[in-house]
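Asker: My questions will all concern the structure given below.
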Amino acid sequence: MNIDFNKLFFTFLGLMIVLNWGLLMSALMRKIGARVAKRYGIPWFQPWVDLVKNYAIRSQITHGVMFYLGPVFRLSGGVGLFLFMPMVFGSDLWTNFSFKGDLILILYFQFFGMLGMALGAGEGGQPHSFIGISRGLSQFTTIEVPMTLAVIAIAVQYQTLSISDIVAAQQGGIMNWTVFTNPFATAAAMLSVLGAFGHSPFNLVKAPNEIPIGPPTEYHGTYLGVLRTNAAILHVVEAVLFMNLFFGGATTWIELIVKSFLIYFWSVFVGMVFPRFRIEQSVAWFLKIPLILGIIAIILL
Amino acid sequence: MENLNLEIITLITGVILVLIGIWGLLTQKNLIKIVIGFTLFDTGIHIIMVSIGYVKNRTAPIIDQSVNINDVGNSVVDPVPQALVLTAIVIGLGVTALMLTYVLKMYQKRKSLEINNYNDLKW
Amino acid sequence: MVKNSLIFIVLIGFAVLLADLFVGFNGNTDLNILANHYAVSGPEEVGSANLVTAVVVTYRGLDTLGEVTILFLAAAIVSFLLKVEAGASRNRKLRSTSEILDTASRILVPVIFLFGIYVFINGHLSPGGGFQGGAIIASGLVLMLLAQPAKEVGHKLITLVESISGISFVLIGVAGVLFAAGFLDNKLLPLGTFGTIFSAGVIPVIYIFVGLKVGAELSGIITNLHENQNEA
Amino acid sequence: MVGPIYIIAIALGTAFSLGFFKKANSNFSFAFMLFAMAFMTFISGQWLYAFLTQQQETIQIFTAGFKPPFSISLQMGLHESVFLSLINIIGLLAAIYLYDQLKEKGVQMMMIFVLLFMGLNVVIMTRDIFNLFVFLEIASIATAGLIILDKSINATSAGFKYIIATGIISGILLIGIIAIYYFAGSLFINDIIKLNLIYVKGGAVAVFLVLIAIILELKPFPANGWALDVYEAAHPGIGAVISAASASAGIFVLAKILPIVGDSGYYIIGLIGIITFLGSNLLGLKQDRANRLLGYSSIGQIGLLLTIIGLTPYLGDKTLFIAFGVLISHALAKAGLFWLAGIVNSEYIKGWAAIRRKPLLLVLMGTFIFALVGFPPFPSFFAKWELIMQLANNDKIIWLALILIGSFIEGIYLFRWFGYAIKEKNEDLPEFPIKLNKVIPVSIVAAGLYLIGYYTGLAIPEAAIINYIPLIFIVIIFALDFLPAYVKNSISILGLAYYSYTIIPAYFENDMLRFIFVVIFLIGGILTFIAGYAYKGKRRGFYPVALIMYVGLVQIIQAENLLQFFFGWELMTAGSYFLIIRGKKSMAHALSYMLFSMGGAYLILAGFALAQQGQMSLSLDVLNSISNNAFIIISLLMIGFLTKTATLGLHIWLPGAHGEAESDVSPMVSAILLKAGVFGLIILLISTIKNIETVSIVYILGWLGAITALIGNLGAAFQEDAKRLLAYSSIGQLGYIVFGLAMMTHLGWLTAFTYTINHFMYKAILFLTIGAVVLRVGTHNMYEMGGLIKKMPFAFIAVLIGIIALSGVPPLSGFTGKWLLYNAVILKGWYFQGAIAFFAGIIAFLYLFKLISSIFLGQLKDNHRNVKEISIWFIIPIYILIIGLMIFAAKPELILQPMGDIVAQYFPDGGLNWDGGLATTPIGNWHGTHIMIIVGVMFMLLLTWLVVLSRKAQKVKQFNIVYSGERPFTPETTHISYNIFAGYNKALGFLVMPWITNFWNFMSDIIHDTAGFVRRIYSGNGQTYLAHIIIYIVVVYFVFFN
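Protein chains in written order, with our numbering: chain A, 19 to 319; chain B, 55 to 177; chain C, 2 to 233; chain D, 131 to 1172.
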């Protein structure tokens, strides 16, 4: 592997853009949520303030090595997803390392951070962490079922697993987007994205007020900063994934920002309306309508 | 009754004895009576054996005054079944003695001659 | 009732089977080859006037040996099973006997014994033989025991007679292999004059042993059964 | 040479002379009797030797100096000498065994004993039908005498039933004989044969009577209640004689008179035989008394022999070989078992648990059980093989199926019994004395079984090439069993290493496919053996059985023909059975493993038999050219192999068997053993690749594989027992392998191979680690552990790597499999099956998280505060495997590229292309090495970032957590582990309800209830038994003669 420093620089730059856009997006979502609830909400720069504060806290504790590694895994998962995701279509510099692997790599790399985080939180020994993790894992299994069907459907549709190629196939007009060429797969995927982003009604992993904040309960200070950093990156990257698969990708950063915002907003919007599920309801829900949509998508191939 | 010869009569007698013996074996509950059933069965067989060796109008296969020494082949009945029946009778005797001994022993142990009382081993 | 009718049906089935077996039987009018050979050549080959004896002792001598063995086995089993354990209380009730029986038996028993011996010694000449003679001897014993229930019969004597005569029988057989044409071969001894006591090769000798042996074995069985009567 | 007539003379002379001895001389009289028995044995053995080595011709012995038919003649030929030798040896050994009883009971019993064998000898030699009757009577009466050896009421009443039943039977025989004399005019069997009496009116009935009487002597089901009672009541030493010697003679007699009956007899005998075989074994299922169970088994075996005789027209010149193999196994094994019963002296089979206090006796019992069921290397194995092959060649499929079903049922109760002996509680059982004179005969017959088995094997050309040297090595290890474990461990490792050294290089050169499997088997074997150093003491019996399994596995790989393959397969099954049953609570699981394995093996046997039908060859290549019944054959073989891969429906044995096994056994039977099924499947699919029927079968197989993956993983998620969790996980993983193979594409097969290699490595890592942890903490239950990361960091890292690999998370090697699978599924077009497989893959996270977090994370339990790191002997193999795993993850092309070349031979199209480290398929791409580097570098950078920022983090003690300022109560209440997926269970648990277990239990209940109902015909009433006999005669007569 020849190290191309120019490419590395642009990759890092892209990471920074994604991080900051992610922070801003989370602030916007919270703001929108507050306004819907007739509250004033936070200032738009609040996430940056929180981040700096977290990184700067001096008193810290650790429960052990795995506890320590948990956030590293988590952030590696987020950054790794970013690294393997082509961001802006048509640009050699903004496709990161996506040529090293395909859609399957992305799908499975999601677990890298989740698993590490689960283990780190586990070592903390906090009961609520365990509850959160068990819920998260349970819910995730069925989220992935319609998602898998949708991914198979579009992989077959485009005869490729390469994300860049999938985006390329959707170029040349809005009607070439998967959302129009394969609406059922898109519908299935967009329902599972609700679970992936973890907003209400599927927010039982962190479940505020119920199990303090679930897995990261024990994390604080720098660890929390790392987790926040990751959350910002991950939300954007996941939105970008859906954008790439179903909404024609993005040829510019602006397009990326708009599309990712809308995709993320979709989950926030649903979260405003519905109350939280219990775990068995959540698990079962994904095996109903989203699953049927996914099956239709496959049958229609 | 031309064909009701001596040997046929004895043969039928033997068969009937065999059947009576089996009937006794299968229906009588008393051990001694079962043994008697067996002896009847056995005796019936012996009679059958002898009748099979009989040759019409001939005498026992012993060469004495009644048999012409030069024409033995045409004057005596078949000696083989007679020899066999001798053996069979002795065997039957031994078996019967054994049965009675076992019955005696069983009676000594349990004071009962009912075969239904000896069902300890089953299935 | 169901059971009895089932047995009845089975019996009918068995009767049909036997009927099938003998349906063609209409008596013999002639000897078959085997029997004819025995009848014609028997006197010459074996030298026994009683053809049945010739068949029993010589031609089918192995059967006879087996027969003796069966009686021996039966006697051994009876004696094993009914052996009175040493030290067991012997409070058996004895049947009462009558004066007439007692007296008659004193006269009759030796005669019966003698008759038995006569029967087996003349087995190759006249009807009878070792088995018949042995049985007659044993019947004498029955009479004796009926008359004198308390009489103890010597088991040792019985065993001794049994064993010696048995071994002799076997030895005669083996001698046939060694000195004549085969096991239990009759020609071990000269055939002698047809129709006399000292004729027919080893048949009389064998029959003597058979008679003694059968007599001893049956006596053994009877004695054992007798001793177990009314045993508490 | 000493003439056969002296057998009679000696026996009679001895019997008659014994009367001279007094009770005080009982030792002398016993020696006298023993000498007679020995002499009889010597005479028969001498003749056997002459027939085998000196082209001795069959001789006729005339008695009385006349030729037959005028006198009785005896015959001595090869067959006579074989049977005589067998019977007399058993007699001699039985006499030695019965030393105490015979001595105590006096000379009468000795007389009876000698005369029984004299009777049996003459019965075999005689050519005169009436003489046959006389000596059969001698044998019966002597048997009746021996039955009452202990004079108990049960023995006496059984003796009465016996004598009256045989009395009736010999009466029937006598009627038949006299009628035959009437029709034939002769009693000489050779003359009678020439006359074809069966075509004479009435003559046929006469022949029938003789035939049915001889058959009744052999105790056909159901007219055999009297015999069962005898087996139960008689002294086991006598039972042995009846079962082994008398029954052998009976079989010989049947064979002797069969020519009189002519060809029409075969059908009757075959039918009677198979009914007896099935009926007797079925009723044996419900039996819990040892002696009676042996009786059922004896009668069943005789039924099998009758079947074989009945099938003579189809077996041709193989009949003798087959009958001999079955008979000798039956006679020796049954005699041995009866004798053991006399030693153990326990009425109920559960009481046999006492036997394992004496390991030698347990080994002997195992020998007999395996010989009876027909495992290699016993004669019955080769006999059964030939039997099944010949039946298939003659298209006797129903017979074939019935024989296998009967054998299977017999296996059920024999192995249940053996399981009791190995595992049932034996603390409260009484001690039993061991006497040398009782053990020696048992040992001799066992040794005889091995020896004769070896020579039987040589008689079949396909079996003659089997390499017995490894088996001899095992015998040596067995002989060294008294040594401490570490010595045997070293020897075993050296043995396997040498074995690897001799065979692996050649495979590497020539056959990559077999290379992979042989490496998994042998190198895996060595690695798991290293863990064996952690065990103290002697570990009795462990090394021989483990090596048997490995040798069996290698035999499967090396097999060039079907017989060799099956030999290895059965060897492997036997070895793994013993490994599994070593676990503390493994009795039921080992039985269920054995039953599924045996059922599977019989299906494979049937499949092989049908496959080679009409091809005149047993080479593995015959599978290439299956034409008739292809669907059935492929299905049979496939289901057979799927029992070993624990595919859905056939998987219920696995969780218990793997979960309860010892710590270093679990990886053996999971990571290594399961691959045997995979190998079988691969061989089958390679061979039948072009077969039109394969298409539909693999379609079903694909669904099965995917659903197995789902159910296995889901089941794992709900386990609380760490090892069972891993066991269920194996079911799921094997489901993937089956699924991959079923796709029958290049990528599908590469997926399967990748999973095979991966599963070997990570399942070995996980099972070894968890097993080692279990050894330290003393429980399998995960909720009783927790927080062990602090105590066992090496174990934690191993499990961490294991679960990352298993879950398929990049960059470890599990992802290789997932990626290939996705590509394969999409290219194959199996979308739904693929989706199920992925769903299963994600469920894997549930159980993997549960596994690692419940054990290593969370709160340390108070009673584990002093546990140590897992044993170094486990760490060594674990970390060797981890290195292998890492290499496979970083450089997958090292293995996948040559694998691709192999797979391309069978599936040339649509492969995986390699460009350096970059793998591409028509639709996807992936660079394993680079991804590993990227992830590694990124991880290190971020770690550094965190370390820099939080360098002052302070280590806190347990319980210092965010808990509303309170202190949690106990580790047990704080560590959330028990049933953590309760919600998930509520939603999806219905999928893993024990439907399949219930199904098999239901089947088992039906069979057992049937047996329980049918066996009521054995009412114990002697009269009923008589009625059975008469009814049997009448029914058989009317069924066959009208």
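Beta carbons are placed, not taken as given, at the ideal position from N, Cα and C, and that holds for glycine.
Could you tell me which chain C residues have their CB closer than 8 angstroms to the CB of Y108 of chain B, listed as they occur along the chain?
Answerer: G28 and N29
Asker: For L652 of chain D and S282 of chain D, I'd like the C-alpha separation in whole angstroms.
Answerer: 57 angstroms
Asker: Using a cut-off of 9 angstroms between C-beta atoms, extract the partners of G193 of chain C located in chain D.
Answerer: Neighbours of G193 of chain C in chain D, taken as residues whose beta carbon is under 9 angstroms from its own, are absent, since the nearest beta carbon is some 17 angstroms off.
Asker: For the beta strand (DSSP E) that contains Q190 of chain D, what are its first and last residues?
Answerer: Note, Q190 of chain D: beta strand (DSSP E), I189 to F192.
Asker: Could you tell me which residues DSSP puts in a beta bridge with S749 of chain D?
Answerer: BP columns for S749 of chain D point to D:N691.
Asker: Could you name the residues that DSSP lists as bridge partners for S203 of chain D?
Answerer: Partner(s): D:F192.
Asker: Between A137 of chain B and M103 of chain B, which are expected to be in contact by the criterion C-beta below 8 angstroms, what is the C-beta distance as a whole number of angstroms?
Answerer: Wrong, their Cβ atoms sit about 10 angstroms apart, outside the cutoff.
Asker: Return the first residue and the last residue of the alpha helix (DSSP H) that H788 of chain D is part of.
Answerer: L784 to G789
Asker: Where does W1003 of chain D sit, in a helix, a strand or coil, going by DSSP?
Answerer: helix
Asker: If you measure from the beta carbon of T54 of chain C to each beta carbon in chain D, is any gap under 9 angstroms?
Answerer: no
Asker: To which residues does DSSP link D1045 of chain D through a beta bridge?
Answerer: D:L1048
Asker: Just the chain B side, please: which residues come within less than 9 angstroms of Y1148 of chain D by C-beta, in chain order?
Answerer: Those are L175, K176 and W177, listed as they occur along chain B.
Asker: Would V120 of chain C pass as an interface residue toward chain B - the criterion being a Cβ-Cβ separation below 9 angstroms?
Answerer: no
Asker: Give a yes or no on whether 9 angstroms exceeds the smallest Cβ distance from A233 of chain C to chain D.
Answerer: Any reading at A233 of chain C must be qualified, since the residue scores a pLDDT of 42, below 50, and its modelled position is unreliable; the value itself is stated next. No - not a single Cβ of chain D is within 9 angstroms of the one on A233 of chain C.
Asker: Could you name the residues of the region 77-90 of chain A whose beta carbon sits closer than 7 angstroms to any beta carbon of chain D, in the order they occur along the chain?
Answerer: The region 77-90 of chain A vs chain D, Cβ under 7 angstroms: Q78, I79, T80, H81, G82, M84, P89 and V90.
Asker: Tell me the residue span of the beta strand (DSSP E) that contains N248 of chain A.
Answerer: No beta strand (DSSP E) holds N248 of chain A; the alpha helix (DSSP H) holding it covers G239 to F264.
Asker: Let's test the definition: count the other Cβ atoms within 10 Å of the Cβ of W1125 of chain D and tell me whether it reaches 16, buried, or not, exposed.
Answerer: exposed
Asker: Counting C-beta neighbours from all protein chains within 10 Å, is the total for I137 of chain D 16 or more, i.e. buried, or is it exposed?
Answerer: That one is buried.
Asker: Please list the terminal residues of the continuous beta strand (DSSP E) segment that includes W1056 of chain D.
Answerer: N1055 to H1057
Asker: Let me know the secondary structure DSSP gives I1013 of chain D once reduced to three states.
Answerer: helix
Asker: Tell me the rounded alpha-carbon separation between I172 of chain A and N248 of chain A.
Answerer: Going by the C-alpha atoms only, they are around 28 angstroms apart.
Asker: How would you list, in chain order, the residues of chain C whose beta-carbon sits under 8 angstroms from the beta-carbon of V1164 of chain D?
Answerer: V11, G14, F15 and L18
Asker: Around the C-beta of P226 of chain A, are 16 or more other C-beta atoms found within 10 angstroms, so that it is buried, or is it exposed?
Answerer: exposed
Asker: Measure the Cβ-Cβ separation of E792 of chain D and F511 of chain D and say whether it is below 9 angstroms.
Answerer: no
Asker: For K921 of chain D, is the classification buried or exposed, using 16 other Cβ atoms within 10 angstroms of its Cβ as the cut-off for buried?
Answerer: buried
Asker: Suppose the cutoff is 7 angstroms on Cβ atoms and the five residues either side in sequence are ignored; what does the same chain contact list for Y663 of chain D look like?
Answerer: Only Y616, N619 and W1003 meet the Cβ criterion.
Asker: Spatial neighbours of L930 of chain D within its chain, please: CB distance less than 7 angstroms, with the 5 preceding and 5 following residues excluded, ordered by chain position.
Answerer: I982
Asker: Applying the criterion that 16 or more other CB atoms from any shown protein chain within 10 Å of the CB defines a buried residue, is K191 of chain C buried or exposed?
Answerer: Note that residue 191 of chain C is Pro in the sequence shown here, rather than Lys. That one is exposed.
Asker: Tell whether a beta-carbon distance below 9 angstroms holds between G195 of chain D and G183 of chain C.
Answerer: Their beta carbons are under 9 angstroms apart, which means G195 of chain D touches G183 of chain C by this criterion.
Asker: Rank C:I159, C:R96, C:L161 and C:F132 by C-alpha distance to the C-alpha of I71 of chain C and give the top, closest one.
Answerer: C:F132
Asker: Taking 8 angstroms as the threshold, find out whether the region 864-872 of chain D comes into contact with the region 820-839 of chain D through three or more Cβ pairs.
Answerer: Segment contact: the region 864-872 of chain D against the region 820-839 of chain D, three or more CB-CB distances shorter than 8 angstroms; contact assigned.
Asker: Spatial neighbours of F897 of chain D within its chain, please: C-beta separation below 6 angstroms, excluding the five flanking residues on both sides.
Answerer: S796, P797, S800 and L856
Asker: Does any C-beta atom of chain D lie closer than 9 angstroms to the C-beta of F23 of chain A?
Answerer: no
Asker: Which same chain residues, not among the five before or five after S573 of chain D, have their C-beta less than 7 angstroms away from its C-beta?
Answerer: L494
Asker: What is the C-beta distance between I122 of chain A and G1054 of chain D, in whole angstroms, given that I count them as a contact (C-beta under 8 angstroms)?
Answerer: 6 angstroms
Asker: So if I threshold CB-CB distances at 9 angstroms, which residues from the region 235-261 of chain D count as touching chain B?
Answerer: F260
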